[in-house]
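K.L.:
Pasting a structure below so you can have a look.
Residue numbers (the numbering used here), protein chains in the order written: chain A, 1 to 267; chain B, 268 to 583.
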């Protein structure tokens, strides 16, 4: 299985539900295992790419494979190995879920009905919440948490689940500094200690720069792939983020400053 | 007390009414709760009115001799399932607004059809259609109760089995699918079984009361109770009490039991809102007074330290 690439896209094209082309001529390959970031500005098709390889959206042309499994024909097998953190606003807050209910979801979704939580499930769920420093809120109503706290609980849900690929859609968007640090730290630790691949969509690479092994830079098609520092090229960045993008070197790494970077920390 | 028991034992219609009361409360707890969780409370009303349209079609087919064996209740069930499937199809992506629109359209369509067919139905059968709107829990026959009982038991069983799935579909449809759950199947299962139960409950208590009993207790409980099982239990109790008080009142005062039950159910929601507001007032007061007592320099220092946090981030 390790010989198969984590992601392999060939001439992939995907449309938005309204018919507009979200991605075109997407061809790339990422080896497995990896800690991978998919970056690009708003509307560049990052989340669409992610939903396509999860089989939630069907490609309009071409194909994408996850560990050698086709996203359309073998989506069932892909979903068995995936744990997914959706964008935070996808979570409906009208249901009175407690923090523990959300984290246990990660365990129970992989079971058959009637999905009872065993003591082992509860132990793993508590451990996952400890990873993001949220264990004290175990019994708290999920809708009453702050945005950053909710995001941490969702990451804990993925950590508690099973499967060799963690997929996160903008896990750092709109989070406070503390939550961001906790999430980045937990993901880094988890990737080091376990045999898992992490695929993360983010509009800001900087917080995870030192953890990430492969970067895919998107703007409706592949602009660049490679290690973080090689993608942080002034020419590439200007093509994607416009003339205001700057590259800053710090502690031997290259970071990109756009008008987007760090913007979420102010709310 | 003995008098009341004696009265119940002596009057089969009252026994049937009390059984139906419990059954409707089960339907409210099982399906009303999940409809409110999904932001789909309007569907209870849509299905109830579709049942009315279906009944009109049933009576027309039977009376015109086109399909003589077609019982009106079959029309009601058929239409309610159609509404559920239509709504489910519109909401497959998990977007509630689309489902609300689908419910609205089917509501309009089935009511229009009912009114259209009324011109071709002999006048003496028209009240049967209006019966679906007002309903009367004291006029149920044995068949009504048996049918309502069997669907309520089915609905209760399915809810017990799959309540986690129904919650997951409501909370995070996309995440549930991505983790390998067949969310689409549960999405339809929940809507169709709810629709069948609501259609039969409509025959028992009328479309307007079904809406009140299905939605108001669930909305009230969801404001105050902080767990899914707590909400289900609380809905059952509110619905049961409202209906029983309705029946009891109708013996003392000349009034429709459904009307009293509907008013009580709606009042429970207003009460819940008020209680919630009072709770929140207490919540907000505490931290406010705390910051006021703080030294302004503390706030200043605090703001400096958050600024440092930002710069630190930009350095990275």
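Where is the CB? At the ideal position from N, CA and C, for every residue including glycine.
Which whole-angstrom value describes the C-beta separation of residue 54(A) and residue 132(A), a residue pair presumed to lie in contact below a C-beta threshold of 8 Å?
P.N.:
Here the question's residue 54(A) lines up with position 54 in the first chain. Here the question's residue 132(A) lines up with position 132 in the first chain. Not a contact, Cβ separation roughly 23 Å.
K.L.:
Between which two residues does the alpha helix (DSSP H) carrying residue 162(A) extend?
P.N.:
Position 162 of the first chain, counted from the start, is the residue given in the question as residue 162(A). Where residue 162(A) is concerned, there is no enclosing alpha helix (DSSP H), given that its DSSP letter is neither H nor E.
K.L.:
Is residue 94(A) close to chain B, meaning its C-beta is less than 9 Å from at least one C-beta of that chain?
P.N.:
In the first chain, the residue the question calls residue 94(A) occupies position 94. So, interface residue.
K.L.:
Is residue 27(A) helix, strand or coil when you go by DSSP?
P.N.:
Here residue 27(A) refers to the residue found at position 27 when the first chain is read from its first residue. In the structure shown, residue 27(A) sits in a strand (DSSP, three-state: E or B).
K.L.:
Work out the CA separation of residue 324(B) and residue 378(B) for me, nearest whole Å.
P.N.:
Here residue 378(B) refers to the residue found at position 111 when the second chain is read from its first residue. Here residue 324(B) refers to the residue found at position 57 when the second chain is read from its first residue. Rounded to the nearest angstrom, the two C-alpha atoms are 11 Å apart.
K.L.:
For the stretch 524-554 of chain B, enumerate the residues whose C-beta is nearer than 7 Å to any C-beta of chain A, in chain order.
P.N.:
none
K.L.:
Taking the C-alpha atoms as reference points, what is the distance between residue 474(B) and residue 433(B)?
P.N.:
Residue 474(B) sits at position 207 when you count from the first residue of the second chain. Residue 433(B) sits at position 166 when you count from the first residue of the second chain. Going by the C-alpha atoms only, they are around 25 Å apart.
K.L.:
Less than 9 Å between CB atoms is the rule here; does residue 454(B) satisfy it with respect to chain A?
P.N.:
The residue you call residue 454(B) lines up with position 187 of the second chain. For residue 454(B), the answer is no, since every Cβ of chain A falls outside 9 Å of its Cβ.
K.L.:
From what residue to what residue does the alpha helix (DSSP H) around residue 203(A) run?
P.N.:
Residue 203(A) sits at position 203 when you count from the first residue of the first chain. Note, residue 203(A): premise wrong, no alpha helix (DSSP H); not H, not E.
K.L.:
When the Cα of residue 84(A) is compared with those of 30(A), 170(A) and 221(A), which residue comes out closest?
P.N.:
Here residue 84(A) is taken as the residue at index 84 of the first chain, counted from 1. Answer by Cα proximity: 170(A).
K.L.:
Can you find a C-beta in chain A that's less than 9 Å from the C-beta of residue 429(B)?
P.N.:
Your numbering for residue 429(B) matches position 162 in the second chain. Taking Cβ atoms only, chain A reaches closer than 9 Å to residue 429(B), which makes this a yes.
K.L.:
Checking contacts by CB at 9 Å: is residue 444(B) closer than that to chain A?
P.N.:
The residue labelled residue 444(B) in the question sits at position 177 within the second chain. When Cβ-Cβ separations below 9 Å define contact, residue 444(B) makes contact with chain A.
K.L.:
Look up residue 37(A) in the DSSP assignment and say whether it is helix, strand or coil.
P.N.:
Translated into the one-based positions of the first chain, residue 37(A) becomes position 37. Strand.
K.L.:
Here's the rule I'm using: 16 or more other beta-carbon atoms within 10 Å means buried, otherwise exposed. How should residue 275(B) be labelled?
P.N.:
Numbered from 1 along the second chain, position 8 holds the residue referred to as residue 275(B). Residue 275(B) counts as exposed, since fewer than 16 other beta carbons sit within 10 angstroms of its beta carbon.
K.L.:
Among all the DSSP beta bridges, which residues are the ones paired with residue 545(B)?
P.N.:
In the second chain, the residue the question calls residue 545(B) occupies position 278. In the DSSP output, where bridge partners are listed per residue, residue 545(B) has none listed.
K.L.:
Taking Cβ positions, are residue 229(A) and residue 241(A) nearer each other than 9 Å?
P.N.:
Taking the first residue of the first chain as position 1, residue 229(A) is located at position 229. Taking the first residue of the first chain as position 1, residue 241(A) is located at position 241. No.
K.L.:
Would the C-beta of residue 191(A) count as close to the ligand SAM, meaning under 8 Å from any of its heavy atoms?
P.N.:
By its list of ligands, the structure shown contains no ligand whatsoever, and the ligand SAM lies outside what it can speak to.
K.L.:
Since residue 257(A) is in the alpha helix (DSSP H), which residue starts that stretch and which ends it?
P.N.:
Against the first chain, residue 257(A) aligns to sequence position 257. Careful: residue 257(A) lies outside any alpha helix (DSSP H), inside the beta strand (DSSP E) at 253-257.
K.L.:
For residue 558(B), which residues of its own chain have a beta-carbon under 6 Å away from its beta-carbon, when the five flanking residues on both sides are left out?
P.N.:
Here residue 558(B) corresponds to residue number 291 of the second chain, with the count starting at 1. Only weak support is given to the placement of residue 558(B): the predicted model assigns it a pLDDT of 48, under 50, and the question is left unresolved by the model.
K.L.:
Would you grab the beta carbon distance between residue 465(B) and residue 532(B) for me? Rounded to a whole angstrom, and I think it's under 8 Å.
P.N.:
One-based indexing of the second chain puts residue 465(B) at position 198. One-based indexing of the second chain puts residue 532(B) at position 265. In fact, because the Cβ distance is near 15 Å, the residues do not count as touching under 8 Å.
K.L.:
What do you reckon, are the CB atoms on residue 505(B) and residue 526(B) nearer than 9 Å?
P.N.:
On the second chain, position 238 is the one that residue 505(B) refers to. On the second chain, position 259 is the one that residue 526(B) refers to. Not closer than 9 Å, so no.
K.L.:
Let me check understanding here. Comparing Cα to Cα, which of 177(A), 91(A) and 105(A) lies closest to residue 143(A)?
P.N.:
Within the first chain, numbered from 1, the residue matching residue 143(A) stands at position 143. When each option's Cα is compared against that of residue 143(A), the closest is 91(A).
K.L.:
Going by the CB atoms, is the gap between residue 49(A) and residue 21(A) shorter than 9 Å?
P.N.:
Walking along the first chain from the start, residue 21(A) turns up at place 21. Walking along the first chain from the start, residue 49(A) turns up at place 49. Not in contact: residue 21(A) and residue 49(A) (Cβ atoms no closer than 9 Å).
K.L.:
Would you kindly work out how many angstroms separate the C-alpha atoms of residue 176(A) and residue 148(A), rounded to a whole number?
P.N.:
Against the first chain, residue 176(A) aligns to sequence position 176. Against the first chain, residue 148(A) aligns to sequence position 148. Spanning the two alpha carbons is a distance of roughly 6 Å.
K.L.:
At which residue ranges does the stretch 424-469 of chain B contain complete beta strand (DSSP E) runs of 3 or more residues, listed in the order of the chain?
P.N.:
You should have found no qualifying run.
K.L.:
Which residues bound the alpha helix (DSSP H) around residue 283(A)?
P.N.:
Only positions 1 to 267 of chain A appear in the structure, and residue 283(A) is not among them; the question remains open.
K.L.:
Label residue 424(B) either buried or exposed according to how many other C-beta atoms from any shown protein chain fall within 10 Å of its C-beta, with 16 as the threshold for buried.
P.N.:
Working through the second chain from its first residue, we reach residue 424(B) at position 157. Residue 424(B) should be labelled exposed.
K.L.:
Got a sec? Which residues, its chain only, sit under 6 Å from residue 16(A) by beta carbon, not counting five neighbours each side?
P.N.:
For the purposes of this step, residue 16(A) is taken as residue 16 along the first chain, with counting starting at 1. Contacts found: 22.
K.L.:
Find the residues of chain A that neighbour residue 424(B), judging by a C-beta separation of less than 7 Å, and give them in chain order.
P.N.:
For this step, residue 424(B) is matched to residue 157 along the second chain. Ordered by position in chain A, no residue passes the 7 Å Cβ test against residue 424(B), which lies about 11 Å from the chain.
K.L.:
Using C-beta distances below 6 Å, list every residue in its chain close to residue 65(A), excluding the 5 sequence neighbours before and after it, in chain order.
P.N.:
Counting from 1 along the first chain, the entry for residue 65(A) is found at position 65. Excluding positions up to five away in sequence, the list reads 8.
K.L.:
Assuming the contact rule is C-beta atoms closer than 8 Å, residue 301(B) and residue 457(B) should be a hit. Round their C-beta distance to whole Å, please.
P.N.:
Here residue 301(B) corresponds to residue number 34 of the second chain, with the count starting at 1. Here residue 457(B) corresponds to residue number 190 of the second chain, with the count starting at 1. About 6 Å; that satisfies the 8 Å criterion.
K.L.:
Residues of chain B with CB closer than 8 Å to the CB of residue 252(A), please, in chain order.
P.N.:
By 1-based counting over the first chain, the position of residue 252(A) is 252. Going along chain B, no residue has its Cβ under 8 Å from residue 252(A), so there is no contact; the nearest lies around 12 Å.
K.L.:
What is the residue span of the alpha helix (DSSP H) that residue 358(B) lies within?
P.N.:
On the second chain, position 91 is the one that residue 358(B) refers to. Element bounds for residue 358(B): n/a, residue is neither H nor E.
K.L.:
Confirm, please, whether the CB-CB distance from residue 30(A) to residue 216(A) is below 9 Å.
P.N.:
Reading the first chain from its first residue, position 216 is the one you call residue 216(A). Reading the first chain from its first residue, position 30 is the one you call residue 30(A). Yes; because the gap between Cβ atoms is below 9 Å, this pair is in contact.
K.L.:
Quick one: what's got a C-beta closer than 6 Å to residue 237(A)'s C-beta in the same chain, skipping five residues either side?
P.N.:
Reading the first chain from its first residue, position 237 is the one you call residue 237(A). Cβ neighbours of residue 237(A) beyond the five flanking positions: 245 and 256.
K.L.:
Using a Cβ-Cβ cut-off of 8 Å (strictly less than) and excluding sequence neighbours within five positions of residue 399(B), which residues of its own chain qualify?
P.N.:
The sequence position of residue 399(B) within the second chain is 132, counting from 1. If we look at residue 399(B) and ignore the five residues flanking it on each side, its Cβ neighbours are 315, 318, 319, 322, 343, 469, 470, 473 and 474.
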